[in-house]
Amino acid sequence: DAKTTQPPSMDCAEGRAANLPCNHSTISGNEYVYWYRQIHSQGPQYIIHGLKNNETNEMASLIITEDRKSSTLILPHATLRDTAVYYCIVRVERGATNKLIFGTGTLLAVQP
Amino acid sequence: ETGVTQTPRHLVMGMTNKKSLKCEQHLGHNAMYWYKQSAKKPLELMFVYSLEERVENNSVPSRFSPECPNSSHLFLHLHTLQPEDSALYLCASSPDGATNEKLFFGSGTQLSVL
């Protein structure tokens with residue numbers, strides 16, 4: 001199973017870009033990288049996902065290295081409401097069922 | 113508002129009680145999931161239902177009994193729980209349960225077993 005490694009915590013100043021790294025060196029060729037976040041006392045929220053090209057949506061950008069062994073989630077202008085645990089997940093490919101396996105994530109603290 | 117509603121938000125129960133957690137989704141999805149999140153631990157996938165059939169059961173003790181009467185509702189029946197079962201129980205849904213679908217989570221039920 002592809003596993004991910006993330007720093008346990010990071011700080012970011014409000015209004016600045018938050019860059020959250022993730023290593024997934026054992027990722028398989030057809031496995032996607034997903035990012036979710038979990039704000040305190042809420043369920044996880046989908047942010048973005050990608051295979052090998054960089055992706056952008058209204059919430060964030062996802063940069064995946066050419067060898068696909070690591071990726072970075074970018075929140076371009078962090079706000080206090082972005083304080084949350086951010087999970088980088090590689091889909092486990094066992095059978096046809098959707099099995100998103102969450103790790104321990106990165107606690108991003110946005111400072112005023 | 114994610115379209116997935118869980119009740120109750122908080123539950124305290126004794127080890128001999130029987131209680132049920134409820135999840136309802138208003139997204140027209142066909143797959144529903146139960147996850148458990150213990151303090152300072154990753155989310156653990158417990159059960160997966162697709163079109164009301166259980167397709168995944170990750171070695172969960174029999175004191176947890178899921179029920180999916182239709183594609184919009186999911187229950188988790190609890191009986192004779194242990195204190196270590198205290199956790200946040202999260203429900204999620206996705207369109208078909210196939211790989212690479214986004215999951216939509218509810219806000220969870222915070223369960224305390226005394």
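Residue numbers (this note's numbering), protein chains in the order written: chain U, 1 to 112; chain R, 113 to 226.
Every residue, glycine too, gets a C-beta built ideally from N, C-alpha and C.
Computed from a prediction, not measured in an experiment: that's the story for all the values here.
Residues that residue i contacts on chain U, provided the C-beta gap is smaller than 9 Å
i: Gly-220 (chain R); result: Ser-41, Gln-42 and Gly-43
i: Leu-202 (chain R); result: Gly-43 and Pro-44
i: Leu-157 (chain R); result: Lys-99, Leu-100, Ile-101 and Phe-102
i: Phe-187 (chain R); result: What Phe-187 (chain R) touches in chain U: nothing, since even the nearest Cβ is about 17 Å away.
i: Phe-217 (chain R); result: Tyr-36, Gln-38, Gln-42, Gly-43, Pro-44, Gln-45 and Tyr-46
Partner residues on chain U for residue i, Cβ-Cβ distance less than 7 Å
i: Lys-214 (chain R); result: Tyr-46
i: Pro-236 (chain R); result: As displayed, chain R neither begins before 113 nor continues past 226, which places residue 236 (chain R) out of reach and without an answer.
Pair within 8 Å by beta-carbon distance, residue i and residue j
i: Leu-223 (chain R); j: Tyr-201 (chain R); result: yes
i: Ser-116 (chain R); j: Ser-205 (chain R); result: One detail in the question is off: residue 116 (chain R) reads as Val in this sequence, not Ser. Yes, these two residues count as a Cβ contact at 8 Å.
i: Thr-79 (chain U); j: Glu-14 (chain U); result: yes
i: Ser-183 (chain R); j: Leu-155 (chain R); result: no
i: Thr-221 (chain R); j: Pro-120 (chain R); result: yes
i: Phe-159 (chain R); j: Glu-168 (chain R); result: yes
i: Cys-203 (chain R); j: Gln-118 (chain R); result: yes
i: Thr-23 (chain U); j: Lys-69 (chain U); result: Checking the sequence, you will find Asn at residue 23 (chain U) rather than Thr. Yes, Cβ-Cβ distance for Asn-23 (chain U) and Lys-69 (chain U) is below 8 Å.
i: Pro-195 (chain R); j: Trp-146 (chain R); result: no
i: Tyr-86 (chain U); j: Leu-100 (chain U); result: no
i: Thr-114 (chain R); j: Phe-216 (chain R); result: yes
i: Leu-190 (chain R); j: Lys-130 (chain R); result: yes
i: Cys-88 (chain U); j: Thr-4 (chain U); result: yes
i: Ala-210 (chain R); j: Ser-150 (chain R); result: no
Same chain, Cβ closer than 8 Å to residue i, five either side skipped, listed in chain order
i: His-49 (chain U); result: Tyr-32, Val-33, Tyr-34, Trp-35, Glu-55 and Leu-62
i: Met-10 (chain U); result: Ala-18, Leu-20, Thr-106, Leu-107, Leu-108 and Ala-109
i: Lys-214 (chain R); result: Ser-206
i: Pro-76 (chain U); result: Ala-17, Ala-60 and Ser-61
i: Asn-170 (chain R); result: Glu-156, Leu-157, Met-158 and Phe-159
Assigned secondary structure, residue i (DSSP; H/G/I helix, E/B strand, else coil)
i: Glu-31 (chain U); result: coil
i: Glu-168 (chain R); result: strand
i: Arg-91 (chain U); result: coil
i: Glu-14 (chain U); result: coil
i: Pro-112 (chain U); result: coil
i: Leu-188 (chain R); result: strand
i: Pro-173 (chain R); result: coil
i: Arg-81 (chain U); result: helix
i: Glu-156 (chain R); result: strand
i: Glu-136 (chain R); result: strand
i: Glu-106 (chain R); result: Outside the shown range of chain R, which is 113 to 226, sits residue 106 (chain R), and nothing can be said about it.
i: Tyr-179 (chain R); result: This sequence places Glu at residue 179 (chain R); Tyr is not what is there. Strand, per DSSP.
i: Pro-120 (chain U); result: The structure shown has nothing for residue 120 (chain U), since chain U only spans 1 to 112.
i: Glu-58 (chain U); result: coil
Own chain, CB closer than 7 Å to residue i, minus 5 neighbours either side, in chain order
i: Thr-83 (chain U); result: Leu-108, Ala-109 and Val-110
Amino acids of chain R, ordered along the chain, whose beta-carbon sits closer than 7 Å to that of residue i
i: Thr-104 (chain U); result: Pro-154
Residues of its chain near residue i, where Cβ-Cβ distance is below 6 Å and the 5 sequence neighbours each way are ignored
i: Ile-39 (chain U); result: Ala-84
i: Tyr-161 (chain R); result: Met-144 and Cys-180
i: Arg-91 (chain U); result: Glu-31 and Tyr-32
Check: When Cβ atoms are compared, which residues of the stretch 141 to 154 of chain R fall closer than 9 Å to chain U?
Finding: Ala-143, Tyr-145, Tyr-147, Gln-149, Lys-152, Lys-153 and Pro-154
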